[in-house]
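S.K.: Residue numbers (my numbering): 5 to 831.
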Ligand code: GDP
Ligand code: MG
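What follows is the structure, given as C-alpha cells:
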C-alpha cells in the first residue's frame with residue numbers, strides 16, 4: 005500500500021501517517037481499518053503561500069483587477085496592511101513549524117517506544133497463536149482425513165480446509181491485541197495531541213472492549229504486522245509485495261474484498277472502474293469479477309462456497325471414541341384419526357388428546373418415555389392434518405424410526421401413503437402399528453395387504469418390516485410395540501457425542517404470550533446448556549431457561565432430549581437447525597447473514613414471479629389481483645414471520661401484498677394507509693389505540709386481531725383463494741382501565757377498574773393489554789361491584805376484576821372484554 009505515495013487516500017487526513025477508515029461489509033458489519041500513507045506531509049507554510057488565507061493577493065495585488073471605487077491611496081494602504089499581515093504570518097508560521105517539528109520528534113519518540121513494546125508483545129502472542137493454530141490445524145487435518153477416509157464423496161475443496169485455521173484468529177482473537185490497535189486509531193485521529201491519548205481509555209474503547217465488539221480481521225492484523233516490520237527495518241522505503249490467499253464467496257462487497265486483499269479500497273474501486281464497473285465500497289460484486297481484481301493485485305483466489313460467517317459453527321465430525329449411545333427418536337405417522345395421539349398417550353399413560361383443540365394435534369409435540377425394560381425412547385407426535393405435511397417431512401429428518409399407525413378398521417389411506425413415502429425418502433426404518441384392533445370391524449390382514457400394494461412388506465407377509473397389532477384404547481400390544489422399537493433401535497446402534505457444542509432441530513416454535521418466542525428443540529449432538537448462545541435458522545438467542553417434556557426446568561439437555569427453549573430473539577421455523585456458538589456477536593452475525601440471504605432469495609423469486617406474470621399478462625391480458633394488507637405485531641420477530649409467510653402465499657390469480665408492517669399499536673396513520681389502498685389491518689397481539697379505532701369505524705377499515713400466526717396465515721390464504729367460510733369471530737364488548745390493584749385474601753390480586761367502553765361481563769373472555777400489547781388472555785375469576793359479585797358492569801362504573809390463574813395486573817393496564825360469535829368472513 006506504500007506504492008501509491010502522496011496520492012489521496014480514502015478518508016485519510018493529511019496529518020499523521022496513519023488514518024482510520026471505516027469499512028462497511030456485508031450483513032451490516034463495519035470495521036475500522038488503519039490505513040497508512042508512507043510519508044507524512046508536514047505542513048510548513050512557505051513565505052507568501054500563507055497569504056491564501058489572507059484573501060488579499062488576488063484582486064488587491066493586481067491593479068487591473070482592482071475593485072471599482074477604490075482610490076490609489078486607499079489601495080496602497082490596503083497593500084501595506086496586507087504585507088504587514090503577511091510578515092506577521094510568516095513569523096508565526098516559522099514558529100509554528102519549529103514547534104511542530106519538536107512535537108513531531110516527541111511524537112515519533114513515543115510512537116517508537118509504543119511500537120517497540122507492541123512488537124514485543126505481538127511477537128510473544130504471535131508465537132503462542134502460531135503454536136495453537138498449528139495444533140488446531142493438525143487436529144483438524146486428522147479429523148478431516150478420518151472423515152475423508154470414511155466418506156470419499158462430497159468433500160469441500162482443500163482450500164476450504166486451509167482457510168479454517170487462518171480464520172480462527174478472528175473467532176478467538178488474542179485479547180491483548182485489540183488494545184494497541186485502538187490506541188493507534190486514536191493517534192490517527194488526535195492530530196495535535198499526538199501520542200498523548202495513547203493508553204487512555206476512550207468511550208469508544210470502553211464500548212467496543214466487550215466480547216460483543218468487532219474483532220479485527222486477519223487481514224487488518226496482517227497489515228499491522230507488516231507495517232511494524234517495515235518500521236523495524238528503519239522505515240524501509242520499498243516493501244516486497246505480499247501475496248495473499250483471498251477467500252472469495254459467491255458475492256463480496258468491494259470494501260470487504262479490499263480488506264481481504266489488504267489493499268486500499270480506493271485502489272480496488274479504481275481498478276474496478278478501469279474494468280468499466282462504477283461501484284462504491286458498499287456495493288457487491290460477483291465472484292468472477294472479484295477474481296479478476298484479486299489476480300490483478302497479484303493475490304491468490306480461494307473460492308469458498310457459503311459465506312464464511314458460518315465457519316464458526318463447528319461442523320467437525322466426532323471421533324468414534326467420543327460417541328455414546330443415545331435414545332432413538334421415533335416419529336408417529338399415519339392418517340388422521342387413525343390414533344397417533346391416542347397411541348402415544350397410551351404409551352405415556354397420560355392423556356394429551358383431551359386437552360387438544362378439536363382433538364386434532366396442533367403442533368409436533370415431543371416426549372420421552374422409558375419402557376419397562378429400561379430403554380429410553382424419544383417420541384415425536386406429528387400432526388395428522390394435511391396442512392402440516394411439510395412440517396412432517398421435516399420431522400422425518402430428525403427421526404430414527406417411524407411408527408406407521410394404520411387403523412385396522414380403515415386400512416391404508418392417502419396420508420398413510422404419504423407417510424410411507426416420507427419414511428422411504430428419509431431412509432428411515434419403519435414399524436407398522438395396526439391400531440384399533442379392539443374394534444369389531446378390525447381387519448389387520450386387510451391393512452397388511454394394503455401396505456403390500458405400496459411396497460411395505462411386513463413380517464407376517466414374510467417381509468422385513470415389523471408389524472404389531474395394538475389398541476390404544478385397551479392397551480393391547482403396546483409392550484410388544486415398544487419391544488419392537490427397542491429392537492430396531494439396537495440394530496441401528498445410535499450414537500452421539502454429548503461433549504460438544506450442541507446442535508439440534510426445531511420441532512415446533514411459537515410466539516408465546518408472556519414468554520416470547522419459544523422453540524421445542526430436539527438436541528441431536530452435544531449438550532445444550534442454560535446460558536448457551538446459539539443461532540437457529542434466521543434467529544439467534546441465549547438459552548434463558550429450558551423445560552423438559554414434563555414441564556420441569558432443566559439446566560442441560562443431551563442428545564435425543566427434547567426441550568422447550570426460551571430466550572430467542574425471534575420465532576424460528578420448525579425444522580430449523582440450532583447451533584451453539586461462542587459469542588453473541590457471532591450468533592447475531594450469522595443470523596443477520598441468513599436473514600439477508602433469505603431476503604435476497606425471496607427478492608430473486610419475487611422478480612421471477614413478476615416476470616412470469618408479466619409474460620402471462622401479455623398473453624391473456626388478465627390482471628393479477630392483489631390482496632393488500634397491513635400488519636402490526638407485538639415484536640419485530642413476529643412481524644417479520646408474518647410478512648414472510650404472507651409473501652409465500654399466492655397463486656397465478658391472487659397475490660398478497662404487505663403494504664406496511666411494523667411493531668406496536670395500530671395507529672391512525674395505519675388506518676389512513678389501509679383506507680387509501682382498501683386493505684384490512686392485521687393486529688398480532690396488538691390493538692388499535694382509541695383514535696385509530698374511531699378512524700377505522702368511520703372509514704370502514706377492517707381490523708382483525710390474532711394471537712396465533714397460523715390462524716392469521718390461514719385466514720389470508722383462504723381469503724386469497726376465495727374460500728372464506730364462516731368462522732368463530734370475537735366481538736369486543738367492552739374495555740376497562742385498571743386504576744389500582746389490591747390484594748384480597750382468598751382471591752389474590754384484584755384490579756380496581758373503571759369500565760371505559762361498553763360493558764364488562766363476567767362470563768366473557770378477557771385479555772390484559774399493556775401499551776396496546778396483549779399480555780394475557782383468559783377468563784375472569786371474579787367481577788365485583790362494591791362488595792357484591794355481579795354478572796355485568798356498565799360503562800362509566802367502577803368494578804373489581806380478578807383473572808383466573810393470573811396475577812400480574814398493574815395500574816394503567818387495560819382489560820379487553822370479548823365474546824365469540826359466528827360470522828361470515830370478509831376480507
Ligand atoms: P390421530 O388423529 O391419528 O392423532 O388420532 P387420535 O389419536 O386423535 O384418535 C382418533 C380417534 O380414534 C379418537 O376418537 C380415539 O379415541 C380413537 N382411537 C384411537 N385409537 C383407538 C383404538 O385403539 N381403539 C379404538 N376403539 N379407538 C381408538
Ligand atoms: Mg393426533
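Positions of the beta carbon are idealized from the N, C-alpha and C atoms, including for glycine.
Predicted model, so just to flag it, every value in this text is computed and none were measured.
(1) Bridge partners of residue 347, per DSSP?
(2) When the distance is taken between beta carbons, is residue 263 closer than 9 Å to residue 833?
(3) Report the rounded CA-to-CA distance for residue 323 versus residue 378, giving the unit in angstroms.
(4) At what residues does the alpha helix (DSSP H) containing residue 483 begin and finish?
(5) Taking the C-alpha atoms as reference points, what is the distance between residue 469 and residue 462?
(6) Could you tell me the boundaries of the beta strand (DSSP E) in which residue 514 lies?
(7) In the structure shown, what three-state DSSP assignment does residue 704 receive?
(8) Tell me which residues share the same chain as residue 761 and place their Cβ nearer than 7 Å to its Cβ, disregarding the 5 neighbours each side in the sequence.
(9) Closer than 8 Å to a non-hydrogen atom of ligand 1 - does that hold for the CB of residue 562?
(10) I want to check one thing, is the minimum distance from the CB of residue 476 to the heavy atoms of ligand 1 below 8 Å?
(11) What is the residue span of the beta strand (DSSP E) that residue 583 lies within?
(12) To the nearest angstrom, how far is it from the Cα of residue 508 to the Cα of residue 550?
(13) From the DSSP output, which residues share a beta bridge with residue 524?
(14) How would you call residue 181, buried or exposed, if buried means at least 16 neighbouring beta carbons within 10 angstroms?
(15) Alpha carbon to alpha carbon, what distance is there between residue 233 and residue 556?
(16) List, from N- to C-terminal side, the beta strand (DSSP E) runs of 3 residues or more that fit wholly inside the region 410-489.
(17) Who are the near neighbours of residue 284 in its chain, counting only those whose CB is closer than 8 Å to its CB and skipping five residues on each side?
(18) Alpha carbon to alpha carbon, what distance is there between residue 744 and residue 802?
(19) Per DSSP, what kind of secondary structure is residue 268 in: helix, strand or coil?
(20) Taking just the CA atoms, how far does residue 540 sit from residue 332?
(21) When you compare the region 497-508 with the region 579-586, are there three or more beta-carbon pairs, one atom per stretch, that lie closer than 8 Å?
(22) Have a look at residue 566 and residue 524 and give me their C-alpha separation to the nearest angstrom.
(23) Between which two residues does the beta strand (DSSP E) carrying residue 335 extend?
(24) On the criterion of 16 or more Cβ atoms from any shown chain inside 10 Å, does residue 631 qualify as buried, or is it exposed?
(25) Check each candidate in 793, 671, 794, 757 and name the one with the smallest Cα separation from residue 775.
(26) When every heavy atom of ligand 1 is checked, does at least one fall within less than 8 Å of the C-beta of residue 472?
(27) Quick one: give me the first and last residue of the beta strand (DSSP E) that residue 550 is part of.
(28) Does at least one heavy atom of ligand 1 sit under 8 Å from the Cβ of residue 345?
(29) Output needed for residue 559: all residues of its chain with C-beta closer than 6 Å, excluding positions within five of it in sequence on either side, in chain order.
(30) Given residue 636, which residues of its chain have a CB within under 6 Å of its CB, disregarding the five upstream and five downstream residues?
(31) Would you kindly report the start and end of the unbroken alpha helix (DSSP H) that includes residue 640?
(32) Which residue comes first and which comes last in the alpha helix (DSSP H) that contains residue 840?
(33) Can you tell me which residues form a DSSP beta bridge with residue 735?
(34) Taking 8 Å as the cut-off, is the beta-carbon of residue 352 closer than that to any non-hydrogen atom of ligand 1?
(35) Tell me, please, whether the region 742-757 touches the region 805-825 by the rule of three or more beta-carbon pairs shorter than 8 Å.
(36) In the structure shown, what three-state DSSP assignment does residue 554 receive?
M.R.: Working from what's here:
(1) Paired residues: none, contrary to the question.
(2) Given a span of 5 to 831 for the chain in the structure shown, any question on residue 833 remains unanswerable.
(3) 28 Å
(4) 482-496
(5) 4 Å
(6) 507-516
(7) coil
(8) 738, 739, 799
(9) no
(10) yes
(11) 581-585
(12) 14 Å
(13) 512, 568
(14) In this prediction, residue 181 has a pLDDT of 39, which is less than 50 and means its spatial position is unreliable; what the coordinates show is noted afterwards. Buried, by the Cβ-count rule.
(15) 59 Å
(16) 434-439, 470-473
(17) 258, 273
(18) 11 Å
(19) coil
(20) 23 Å
(21) yes
(22) 7 Å
(23) 333-338
(24) buried
(25) 671
(26) no
(27) 543-551
(28) yes
(29) 534
(30) 666, 670, 687, 690
(31) 640-652
(32) Nothing about residue 840 can be reported from this structure: the residues present for the chain run from 5 to 831 only.
(33) 823
(34) no
(35) yes
(36) coil
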